[in-house]
Amino acid sequence: MKIEKIELRHIKMELVSPFTTSMGTEYDEEHIIVRVDAEGITGWGESVAESTPFYSYETVTTAWHILQDFLIPSILGKDISSIDEAIQLYSKVRGHRMAKAGLEAALWDMFAKSKNISLSKMMGGTRNKIDVGVSIGIQSSVPDLIKKIEGYLAEGYKRIKIKIAPGNDIQFVKAVRKEFPNILFQVDANSAYELKHIDLFKQMDAYNLLLIEQPLGYDDIYEHSKLQKELKTPICLDESIHSLADTRAAIELDSCRIINIKPGRVGGFTESILIHDYCEAKNIPVWCGGMLESGIGRAGNVALASLPNFTLPGDISASKRYYKEDIVEPEFLVNKDGTMDVPTKPGIGVEVNMKMLEKVTVKKKEFKV
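First residue of the sequence shown? That's 435 in my numbering, and the numbers climb one at a time after it.
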């Protein structure tokens, strides 16, 4: 298919409520929406690089630069027969996985539509519904947290995740487990701790956690292996996993027993599927993480999570969890049984609400042949 036009949009969407983690508090979310047009077919993708370099070194500004100056010129005007061919054309660009993932996602959508199949089917998905969980930011008090959890459980979410940070950790874990003894419950530290905090995590072993996500350094694999040996609770790595190679290293070192897959973090759906398949062969469960995506990015995550080894509920919440109004139609909903329907229409399976997209666009640029 000949790539005739590519458009970038820097969007800024206000969150329904502030979202606090060990990295700070977010009030809105800034991402890049990528549109690719080829032979009458439009593909949509989302680069999840944020406005700050706190989760990743990539930001909206760096991703825009890499897309505009390197990735787009490498494929614009080219006749491309597959996604692998496109990836090869910009393979000289090292790193910048979130920038690459945004463009690759648009290509996946475009090729799926060209074949008249859903994104899920093109990826090898096997489910028409996926189990979903919800991620809750650090709350100001235990009662506030309990109230939030009650609300999300009433909405049907199958798993609760809370963010933790030094000083905001074990007291919340104890309170949640006391109030909700039987729920699927996990914590996420976003790299806020060091090995010297090992006794804290040993305490958490008593509370039947599903997993402890990324407790140590954002680029660490080795020290996590030391921590995992001392715990019965599985460690799950997130920020440390950027590729299949990182996944292999983490599993061989027993640094974790669960892997979080975020397409943006690992460079796109192609690498995500490779990681999924490897983990499946090693009997390592995976789940799909979230980056507060709009409905465009969320659609891709839902499709990915329909693959067979995504056996744990992902951070793929309803659109209304984060935004008063999404930029896709229909918006994503959580069913009463804690599942989300996997779109079956061609490509991402939802329509982009152009009026809403224009409303949240900060700037845009079009690239033509």
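Here a beta-carbon is modelled for each residue, glycine too, at the ideal position from N, C-alpha and C.
Three-state secondary structure (DSSP) of residue i
| i | result |
| --- | --- |
| Met435 | coil |
| Ser753 | helix |
| Lys582 | helix |
| Arg699 | helix |
| Ala599 | strand |
| Gln648 | coil |
| Ile604 | helix |
| Cys713 | helix |
| Val576 | helix |
| Lys612 | helix |
| Asp639 | helix |
| Asp622 | strand |
| Arg593 | strand |
| Lys630 | helix |
| Ile655 | coil |
| Ile730 | helix |
| Ile675 | coil |
| Lys802 | strand |
| Ile617 | coil |
| Ile707 | helix |
| Ile693 | strand |
Cβ-based burial, residue i [other Cβ within 10 Å; buried from 16]
| i | result |
| --- | --- |
| Ala540 | buried |
| Arg699 | buried |
| Ala715 | exposed |
| Glu727 | buried |
| His499 | exposed |
| Thr704 | buried |
| Ala679 | exposed |
| Phe734 | Sequence check: residue 734 is Gly here, not Phe. It counts as buried. |
| Asn694 | buried |
| Asn562 | exposed |
| Met435 | buried |
| Met788 | exposed |
| Thr414 | Residue coverage of the chain in this structure runs from 435 to 803, which leaves residue 414 outside it and unanswerable. |
| Asp622 | buried |
| Asp654 | buried |
| Leu767 | exposed |
Proximity below 8 Å, CB of residue i to CB of residue j
| i | j | result |
| --- | --- | --- |
| Ile506 | Ile440 | yes |
| Trp478 | Ile782 | yes |
| Leu671 | Ser689 | yes |
| Thr560 | Leu741 | yes |
| His444 | Val494 | yes |
| Ser456 | Asn616 | no |
| Ile685 | Ile718 | yes |
| Thr681 | Tyr712 | yes |
| Lys547 | Ile475 | yes |
| Ala737 | Gly748 | no |
| Glu480 | Ile730 | yes |
(request) Please specify which runs of the beta strand (DSSP E), each continuous and at least 3 residues long, are wholly inside the segment 736 to 799, giving them in chain order. (result) The qualifying runs are 773 to 775.
(request) Run through the segment 438 to 500 for me and flag every whole beta strand (DSSP E) of 3 or more residues, listed as ranges in chain order. (result) Complete beta strand (DSSP E) runs here, min 3: 439 to 455, 458 to 472, 475 to 481.
(request) Could you pull out every unbroken alpha helix (DSSP H) segment of at least 4 residues lying fully inside the segment 500 to 570, listed in chain order? (result) Runs of the alpha helix (DSSP H) inside the segment 500 to 570: 506 to 509, 517 to 523, 531 to 548, 553 to 557.
(request) Give a yes or no on contact between the segment 590 to 602 and the segment 563 to 571, applying the rule of three or more CB pairs nearer than 8 Å. (result) Contact annotation: the segment 590 to 602 touches the segment 563 to 571, with at least three C-beta pairs closer than 8 Å.
(message) Pairs of beta-carbons, one from the segment 571 to 586 and one from the segment 757 to 767, closer than 8 Å: are there three or more?
(response) Taking a cut-off of 8 Å for Cβ pairs, the segment 571 to 586 and the segment 757 to 767 do not touch, as fewer than three such pairs fall below it.
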